[in-house]
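Notes to accompany the following structure.
Residue numbers (the working numbering): 3 to 254.
In structure tokens:
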């Protein structure tokens, strides 16, 4: 089906361009993978300047629904994509920094999302996913002295399990919430008084989480991941907000 482009009103032009493109997506005339017409064609079709069109396209890139390839050839131009994880994480991280949400809010959101994803993953995770998770944990053990790499692998483990839940929205939200506090968790890890002991404790919990998943013990995995999150993340909340951790921190 070919998208039909119509001129838009001139007030708040770039927002109206966004509304026009959004309408094409909602009606199914534009789908993931489709390319937009070149700027020289699309701008007059919408009745707007190319600068207003570019502003709208930049917004769409920021929210993860469009990628613009500069240059010429078959890959040039703007293309509709589905890339919500990075975009949501970026937006949530900025709102967290601006105080729109408190760390306690993020902690509770992580608990709800990851309890759900670990319980579901215990029912649906494939052997391939479990093997990939085991590989990540092996790399985490090797990376205990490299805190930034450990943090990166830790994030990858939790996001992998969220994806294994079979619910793409939970996976995306888990990735965004985890990414929003990744820097704060890294700072806490780098400032740990005894990082070696902390890393060993976190790795032991990860190993037990994976064992529970492989055994299909979803309820036990959900309980453990909540204690796991409230432990280290809860301590970050307490430190940042000047009080005690949100919940009792388990022993490593």
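We put the beta carbon where it would ideally sit given N, CA and C, even for glycine. Since the model is a prediction, treat every value here as computed from it, not as a measurement.
Just to confirm before moving on: does the CB-CB distance between residue 89 and residue 66 stay below 8 Å? The residue given as residue 89 occupies position 87 in the chain shown. The residue given as residue 66 occupies position 64 in the chain shown. Cβ atoms of residue 89 and residue 66: closer than 8 Å.
Based on DSSP bridge pairs, tell me the residues matched to residue 104. Counting from one through the chain shown, the residue named residue 104 turns up at place 102. DSSP lists no beta-bridge partner residue for residue 104.
Measuring CB atoms only, is the stretch 148 to 159 touching the stretch 191 to 201, in the sense that at least three cross pairs come out at less than 8 Å? Enough Cβ pairs lie closer than 8 Å, so yes.
If you compare alpha carbons, which of 7, 64, 231 is closest to residue 26? For the purposes of this step, residue 26 is taken as the residue at position 24 of the chain shown. Nearest option by C-alpha distance: 7.
Thinking C-alpha only, which one of 237, 206, 59 is nearest residue 189? As a working note, residue 189 is residue 187 in the chain shown. Taking residue 189 as reference, the option from 237, 206, 59 with the minimal CA-CA separation is 237.
Residue 217 (DSSP reduced to helix, strand or coil): Taking the chain shown and counting its residues from 1, one reaches residue 217 at position 215. Coil at residue 217, not helix or strand.
Bridge partners for residue 71 per DSSP, in chain order? Mapped onto the chain shown, residue 71 falls at position 69. Answer is 79.
Could you tell me which of 112, 160, 145, 110 sits nearest to residue 134, measuring between CA atoms? Against the chain shown, residue 134 aligns to sequence position 132. For the set 112, 160, 145, 110, the Cα lying nearest the Cα of residue 134 is the one of 160.
Can residue 40 and residue 79 be called in contact, C-beta distance under 8 Å? Residue mapping note: residue 40 aligns to position 38 of the chain shown, counting from 1. Residue mapping note: residue 79 aligns to position 77 of the chain shown, counting from 1. Against a cut-off of 8 Å, the Cβ pair of residue 79 and residue 40 comes out as a contact.
Could you give the uninterrupted runs of the alpha helix (DSSP H) lying entirely in the stretch 28 to 65, keeping only those of 4 residues or more? Listed in chain order, the complete alpha helix (DSSP H) runs (minimum 4 residues) inside the stretch 28 to 65 are 41 to 48, 52 to 64.
Closest to residue 95 by C-alpha separation, out of 32, 22, 87, 182, would be which residue? Taking the chain shown and counting its residues from 1, one reaches residue 95 at position 93. Nearest C-alpha to residue 95: 182.
Cα-Cα separation, residue 204 to residue 82: Reading the chain shown from its first residue, position 202 is the one you call residue 204. Reading the chain shown from its first residue, position 80 is the one you call residue 82. One C-alpha to the other measures close to 40 Å.
Excluding five sequence neighbours on each side, which residues of the same chain lie with their C-beta closer than 8 Å to the C-beta of residue 169? Reading the chain shown from its first residue, position 167 is the one you call residue 169. Excluding positions up to five away in sequence, the list reads 118, 119, 122.
Straight-line gap, residue 239 to residue 14 (C-alpha atoms, nearest Å): Position 237 of the chain shown, counted from the start, is the residue given in the question as residue 239. Position 12 of the chain shown, counted from the start, is the residue given in the question as residue 14. Rounded to whole angstroms, residue 239 to residue 14 spans 40 Å at the Cα level.
Residue 113 by DSSP, collapsed to three states: which one? Residue numbering aside, residue 113 sits at position 111 when the chain shown is read from its first letter. Reduced to three states, the DSSP call for residue 113 is helix.
Residue closest to residue 62, alpha-carbon to alpha-carbon, out of 19, 52, 28: As a working mapping, residue 62 is identified with position 60 in the chain shown. That would be 19, whose Cα lies nearest to the Cα of residue 62.
Does the beta carbon of residue 202 sit closer than 8 Å to a beta carbon anywhere in chain C? This model lacks chain C altogether, as it is built from one protein chain only.
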